[in-house]
Amino acid sequence: MEYQYPMDFSWTTEEVVDVIHFFEAVEKAYESRISKEEFMKAYRRFKEIVPGKADEKNYCDEFEGSSGYSAYAVLKKAKELNSDEDLTFQK
Numbered sequence: 002m003e004y005q006y007p008m009d010f011s012w013t014t015e016e017v018v019d020v021i022h023f024f025e026a027v028e029k030a031y032e033s034r035i036s037k038e039e040f041m042k043a044y045r046r047f048k049e050i051v052p053g054k055a056d057e058k059n060y061c062d063e064f065e066g067s068s069g070y071s072a073y074a075v076l077k078k079a080k081e082l083n084s085d086e087d088l089t090f091q092k
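This is the structure:
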């Protein structure tokens, strides 16, 4: 893909990697499939780095604007699934 992941330059290298991993999990839900467990693990780590709702919305909106992939929609669907189900999402 030809877009940049949203990030904060105050994050550590590990935090940047983990935030990118979350957005890659969103991509995976759209482009193939990802287990609910794997997605939620990436989301929980993302929330440790970005605890505020407003910041979460800003980063997710920025990602959606550049990629077309909605982290919010994927998260909403993930919460509806049983723990052993895979997550796939269509635009």
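To convert a position in the sequence shown, counted from 1, into the numbering used here, add 1.
All residues carry an ideal CB built from backbone N, CA and C; glycine is no exception.
In this text, all values refer to a predicted model and were calculated from it rather than measured experimentally.
Test item: CB-CB of residue i and residue j under 7 Å
i	j	result
serine 1	aspartate 87	As displayed, the chain neither begins before 2 nor continues past 92, which places residue 1 out of reach and without an answer.
valine 27	tyrosine 70	yes
glutamate 1	isoleucine 50	Residue 1 is absent from the model: the chain starts at 2 and stops at 92.
serine 84	tyrosine 4	no
Chain-order list of residues whose beta-carbon lies under 7 Å from that of residue i (same chain, five-residue window excluded)
i	result
phenylalanine 30	Per the sequence shown, residue 30 should be read as alanine rather than phenylalanine. Result list for alanine 30: Phe40, Val75, Leu88, Thr89, Phe90, in chain order.
isoleucine 21	Tyr6
alanine 1	No information on residue 1 is available, as it lies outside the stretch 2 to 92 that the chain covers here.
Integer-rounded CB distance, given that residue j should sit under 8 Å from residue i
i	j	result
phenylalanine 64	alanine 72	6 Å
Residue i, buried or exposed, once every other Cβ within 10 Å from all chains shown has been counted against 16
i	result
phenylalanine 24	buried
phenylalanine 10	exposed
tyrosine 44	buried
tyrosine 1	Not covered by the structure: residue 1. The range shown for the chain is 2 to 92.
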